[in-house]
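Q: Handing you this structure, nothing more for now.
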Amino acid sequence: MSLSLYNTLTRKKEEFQPVHAPQVGVYLCGPTVYSEAHLGNARGPVVFDVLTRYLRHLKYQVRYVRNITDVGHLESDADTGEDKMEKAARAARIEPMQVAQHFANRYRQHMMALGCLPPDIEPQASGHITEQIGMIEEIIANGFGYEVNGSVYFDVPNYNEAHRYGKLSNRSIEDQLGGTRDTLAGQDEKRSPLDFALWKKASPEHIMRWPSPWGEGFPGWHLECSAMSRKYLGNLSDIHGGGLDLMFPHHECEIAQCQASDTGTDESRVWMHNNMITVNGTKMSKSLGNFVLLGDLFQGPTGPLAQGYSPMVVRFFLLQAHYRSPVDVSDDALQAARKGYRKLMNGLRLLDKLVVGSSLSVAGENDAEPATDNQQPTTKPGDADLRKLTADLYTGLDDDLNTARSIASLFNLLRKFNTLATTPAALADVSAAALTEAVAAYRTLVVDILGLQDEPRANAEQLLELTLGFYSEAKNGAKEAKESAEDATPYYAKIDQIRAALKEQGIVIKDTKAGVEWAYSEE
RNA sequence: GGUGACGUGACCGAGUGGCUAGGUAGAGGUCUGCAAAACCUCCUACGGCGGUUCGAAUCCGCCCGUCACCUCCA
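According to the UniProt record's numbering, the residues represented by the first sequence are 1 to 523, in order.
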């Protein structure tokens with residue numbers, strides 16, 4: 001079995017072949033940090049987290065790059081003065097970089113909560129202005145860029161002569177010219193409406209600006225990824241990804257920039273695009289205002305949802321669908337996911353008992369029949385079924401990262417585990433080897449690859465209060481018994497038992513006039 | 001207008017032409033002091049109309065419907 005991935009560039013599933021095995025370079029277009037991340041923003045990171053986890057499981061040496069775009073993109077072509085970052089900064093009366101830092105911090109928190117391992121490199125666009133300028137110079141030198149009034153544009157028609165602009169999104173420039181909508185303002189500098197900015201001259205009020213050969217300005221909207229991918233993953237990375245809505249123009253422009261610069265490649269061998277998250281069938285987006293912010297979602301009711309859902313439930317929910325399918329958010333769907341997630345976690349907790357139970361039953365078997373051969377049979381009748389279920393775990397993942405199928409396989413294996421746990425006869429029917437293998441595979445897939453962890457639902461202090469409640473009841477019982485001259489011994493026994501049990505946990509009970517209190521033991 | 005998806009049982013959601021997806025909900029049962037969990041059984045669908053085929057949810061055509069991108073967007 002080997003991993004195959006759907007490549008947007010070739011429009012088919014391809015067996016994954018690293019450019020330089022065993023190294024694998026993965027790039028995911030990260031957030032523009034001018035606002036809170038919403039659920040839709042989480043899908044790509046979760047999918048790519050599973051992808052990189054799985055690649056590592058397959059023994060590849062992965063370098064995972066996920067950028068932070070902290071150079072604000074302009075609100076529109078027409079708006080030459082203010083960009084998103086500056087707008088947010090002005091609203092909050094702080095530095096644009098403070099805005100970027102704030103939302104980058106929030107983003108990392110949310111991603112961590114969702115179980116996404118931090119990327120190996122998290123480059124910031126603002127820290128790679130030099131690299132971006134260098135790339136622009138190459139593009140100009142190669143005849144695919146031109147300067148006008150301190151701005152530099154990418155010459156799409158000219159580029160299209162030598163290469164094909166639109167190879168990723170399957171568009172032709174004729175179609176795009178024909179279908180151009182209302183002429184946008186601020187386009188007069190461009191030779192063609194299809195051209196896009198590589199460098200923009202900063203207007204006097206523009207705060208985020210850097211010096212360049214063309215004067216003070218800031219880099220274009222697609223350049224940072226091309227420049228940073230090249231810097232950290234070389235001229236040709238293995239996998240480049242993002243949301244479907246980034247395919248055009250963002251990724252298309254990235255490819256053009258790489259081909260037009262000295263990079264001279266498609267930037268990445270495989271291009272992957274995750275589908276959108278929808279609300280009532282419509283794409284969740286900032287502009288439509290139908291978004292669910294991650295911070296709100298984890299906390300409680302928000303937008304179309306009547307209640308909150310924990311990060312792990314959200315992660316499981318996202319992984320229950322294939323990444324190229326749209327996913328619709330609703331309370332019904334999330335609640336169903338929550339139950340499924342908990343079922344999977346209960347299974348995780350069952351695993352240890354299962355192995356212990358197995359060895360015990362094996363020992364008992366041998367004790368009962370000391371005369372029989374002491375050697376454990378290497379295979380038993382139940383092994384075939386168990387091994388089949390185990391092997392099936394990865395068929396989904398191997399097929400274009402189909403987490404939905406692998407999760408279905410997990411539930412099938414879990415049913416088997418539950419049967420084994422409750423049916424000694426069935427347990428005796430499988431060999432320790434097959435069982436150990438199955439248990440390890442389940443745990444590896446759930447924890448290491450899908451990145452699902454048990455979320456503690458019970459609060460330790462609340463559980464302690466509960467215990468202290470029973471303690472108080474025993475105390476009262478003892479008191480009443482004493483007053484009515486009855487035997488209080490059973491109550492004292494219970495009291496002592498609770499005190500001893502808690503003491504083992506490092507907790508001492510203190511009977512005060514105000515009531516029962518506790519403290520950490522100082523011993 | 002161009003490009004590209006998608007329409008699966010009560011809900012969510014996989015699906016490589018023939019073999020049970022899975023989760024949730026519902027019904028019945030086993031187990032159980034009660035309950036929960038677990039297990040077993042059931043409900044078992046593929047937008048419509050044609051076509052290809054021994055056989056199609058799966059391939060082809062048309063129609064209906066939904067969505068996405070073409071403008072910042074994961």
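Even for Gly, the Cβ is constructed at its ideal location relative to N, Cα and C.
On a predicted model such as this, the values are computed, not experimentally measured, just so you know.
Applying the criterion that 16 or more other CB atoms from any shown protein chain within 10 Å of the CB defines a buried residue, is Thr378 buried or exposed?
A: The residue given as residue 378 occupies position 378 in the first sequence. By the neighbour-count rule (16 or more Cβ atoms within 10 Å), Thr378 is not buried but exposed.
Q: Does the count of Cβ pairs from the region 266 to 282 and the region 144 to 157 closer than 8 Å reach three?
A: As far as the Cβ criterion goes, the region 266 to 282 does not touch the region 144 to 157, which means the pair count is below three.
Q: Which partner residues of Ser268 appear in the DSSP bridge assignment?
A: Locating residue 268 in the first sequence gives position 268, where the first residue counts as 1. Paired residues: Ser237.
Q: Glu147 to Asp120, Cα distance in whole Å?
A: By one-based count along the first sequence, residue 147 stands at place 147. By one-based count along the first sequence, residue 120 stands at place 120. Distance between the alpha carbons of Glu147 and Asp120 is about 36 Å.
Q: If we call anything under 8 Å between Cβ atoms a contact, is Gly30 one with Thr69?
A: In the first sequence, residue 30 corresponds to position 30, counting from 1. In the first sequence, residue 69 corresponds to position 69, counting from 1. In contact: Gly30 and Thr69 (Cβ atoms closer than 8 Å).
Q: Does Phe470 pass the burial test, meaning 16 or more other C-beta atoms within 10 Å, or should it be called exposed?
A: The sequence position of residue 470 within the first sequence is 470, counting from 1. Under this definition Phe470 is an exposed residue.
Q: Between the alpha carbons of Gln307 and Gly300, how many angstroms are there, rounded?
A: Locating residue 307 in the first sequence gives position 307, counting from the first residue. Locating residue 300 in the first sequence gives position 300, counting from the first residue. If you take the alpha carbons of Gln307 and Gly300, they lie about 5 Å apart.
Q: Near Gly382, what residues of its chain come up, given a Cβ to Cβ distance below 7 Å and the 5 sequence neighbours on each side ignored?
A: Translated into positions along the first sequence, residue 382 becomes position 382. Counting only Cβ-Cβ distances below 7 Å, and skipping sequence neighbours, we find Ala426, Asp429 and Val430.
Q: Give the range of the beta strand (DSSP E) segment to which Thr512 is assigned.
A: Translated into the one-based positions of the first sequence, residue 512 becomes position 512. Ile507 to Thr512 is the span of the beta strand (DSSP E), which, as asked, contains Thr512.
Q: Tell me, please, which residues DSSP counts as bridged to Leu445.
A: Against the first sequence, residue 445 aligns to sequence position 445. Looking at the DSSP assignment, Leu445 forms no beta bridge with any residue, so it has no partner.
Q: Check Val33 in the structure and name its three-state DSSP category.
A: The residue labelled residue 33 in the question sits at position 33 within the first sequence. Coil, per DSSP.
Q: List the whole-angstrom C-beta distance separating Met228 from Pro118, where the pair is believed to meet the contact cut-off of C-beta under 8 Å.
A: Position 228 of the first sequence holds residue 228. Position 118 of the first sequence holds residue 118. Met228 to Pro118, Cβ: 16 Å. No contact.
Q: Return helix, strand or coil for Glu138, following the three-state DSSP convention.
A: As a first step, residue 138 is located in the first sequence; it is residue number 138 there, counting from the start. If DSSP states are grouped into helix, strand and coil, Glu138 belongs with the helices.
Q: Evaluate contact between the region 468 to 483 and the region 494 to 507, counting only Cβ atoms and requiring at least three cross-stretch pairs below 8 Å.
A: In short, these stretches touch, since the Cβ pair count reaches three.
Q: Roughly how many whole angstroms lie between the Cα atoms of Glu224 and Ala125?
A: Indexing the first sequence from 1 puts residue 224 at position 224. Indexing the first sequence from 1 puts residue 125 at position 125. Roughly 6 Å between the two C-alpha positions.
Q: To which residues of the same chain is Ala519 closer than 8 Å at the C-beta, ignoring the five residues directly before and after it?
A: In the first sequence, the residue the question calls residue 519 occupies position 519. Result list for Ala519: Ile507, Val508 and Lys510, in chain order.
Q: Where do the N-terminal and C-terminal ends of the alpha helix (DSSP H) with Arg56 fall, by residue?
A: Working through the first sequence from its first residue, we reach residue 56 at position 56. Element bounds for Arg56: Leu39 to His57.
Q: Reducing DSSP to helix, strand and coil, say where Gly72 ends up.
A: In the first sequence, the residue the question calls residue 72 occupies position 72. Note: Gly72 maps to coil in three-state DSSP.
Q: Hey, would you say Glu465 sits closer than 8 Å to Thr390, going by beta carbons?
A: As a working mapping, residue 465 is identified with position 465 in the first sequence. As a working mapping, residue 390 is identified with position 390 in the first sequence. Their beta carbons are not under 8 Å apart, which means Glu465 does not touch Thr390 by this criterion.
Q: Output needed for Ser169: all residues of its chain with C-beta closer than 6 Å, excluding positions within five of it in sequence on either side, in chain order.
A: Taking the first sequence and counting its residues from 1, the one referred to as residue 169 is at position 169. The residues are Met247, Phe248 and Glu252.
Q: Among Val99, Gly166 and Leu51, which residue has its Cα nearest to the Cα of Leu9?
A: Indexing the first sequence from 1 puts residue 9 at position 9. Closest by alpha carbon: Gly166.
Q: Can you give the beta carbon distance from Val313 to Arg338, rounded, assuming they're within the 8 Å contact cut?
A: Start at 1 with the first residue of the first sequence, and residue 313 comes out as number 313. Start at 1 with the first residue of the first sequence, and residue 338 comes out as number 338. Rounded, the Cβ-Cβ distance is 5 Å, consistent with contact.
Q: Between Ser35 and Ala88, how many whole angstroms is the CB-CB distance? I'm expecting something under 8 Å.
A: Residue 35 sits at position 35 when you count from the first residue of the first sequence. Residue 88 sits at position 88 when you count from the first residue of the first sequence. Yes, they are in contact, since the Cβ atoms of Ser35 and Ala88 sit about 7 Å apart, within 8 Å.
Q: Determine which residues share a DSSP beta bridge with Ile121 and list them.
A: On the first sequence, position 121 is the one that residue 121 refers to. Val65, per the DSSP bridge assignment.
Q: With a CB to CB cut of under 6 Å and the five nearest residues on each side skipped, what residues in its chain are close to Ala363?
A: Here residue 363 refers to the residue found at position 363 when the first sequence is read from its first residue. Caution is warranted here: a pLDDT of 41 is assigned to Ala363, below 50, making its placement in the model unreliable, and the coordinate value is therefore given only provisionally. Contacts found: none.
Q: Under the assumption that Val50 contacts Leu401 (Cβ atoms under 8 Å), give the Cβ distance between them as a whole number of angstroms.
A: Locating residue 50 in the first sequence gives position 50, counting from the first residue. Locating residue 401 in the first sequence gives position 401, counting from the first residue. Sure, about 7 Å apart at Cβ, within 8 Å.
Q: On the three-state DSSP scale, how would you describe residue 551?
A: Look at the range of the chain in this structure, 1 to 523, and you will see that residue 551 is not part of it.
Q: If you compare alpha carbons, which of Leu334, Leu435, Val62 and Gly281 is closest to Val26?
A: One-based indexing of the first sequence puts residue 26 at position 26. Checking every option, the nearest Cα to that of Val26 belongs to Val62.
Q: Identify, in the order they occur along the chain, each residue of the same chain with its Cβ nearer than 6 Å to the Cβ of Ala113, setting aside the five sequence neighbours on each side.
A: Translated into the one-based positions of the first sequence, residue 113 becomes position 113. Excluding positions up to five away in sequence, the list reads Pro311.
Q: Taking a contact to mean a Cβ-Cβ separation below 8 Å, would you say Val439 touches Leu354 in this structure?
A: For the purposes of this step, residue 439 is identified with residue 439 of the first sequence, where counting begins at 1. For the purposes of this step, residue 354 is identified with residue 354 of the first sequence, where counting begins at 1. Their beta carbons are under 8 Å apart, which means Val439 touches Leu354 by this criterion.
Q: Name, in chain order, the residues that DSSP records as bridge partners for Gln132.
A: As a working note, residue 132 is residue 132 in the first sequence. None; Gln132 has no bridge partner.
Q: If you draw a straight line from the C-alpha of Gly241 to the C-alpha of Glu216, how long is it?
A: Working through the first sequence from its first residue, we reach residue 241 at position 241. Working through the first sequence from its first residue, we reach residue 216 at position 216. Approximately 31 Å between the Cα atoms of the pair.
Q: DSSP beta-bridge partners for Asp399?
A: Start at 1 with the first residue of the first sequence, and residue 399 comes out as number 399. Per DSSP, Ser4.
Q: In chain order, what residues of the same chain have a beta carbon less than 6 Å from the beta carbon of Gln17, not counting five sequence neighbours either side?
A: Translated into positions along the first sequence, residue 17 becomes position 17. The answer is none, since no qualifying residue turns up.
Q: Answer yes or no: do Lys59 and Pro22 have a C-beta to C-beta separation smaller than 8 Å?
A: Sequence index remark: in the first sequence, residue 59 carries index 59 (1-based). Sequence index remark: in the first sequence, residue 22 carries index 22 (1-based). Going by C-beta atoms, Lys59 is nearer than 8 Å to Pro22.
Q: Looking at the strands, I want to know which residues DSSP matches up with His273.
A: Here residue 273 refers to the residue found at position 273 of the first sequence. His273 is bridged to Gly242.
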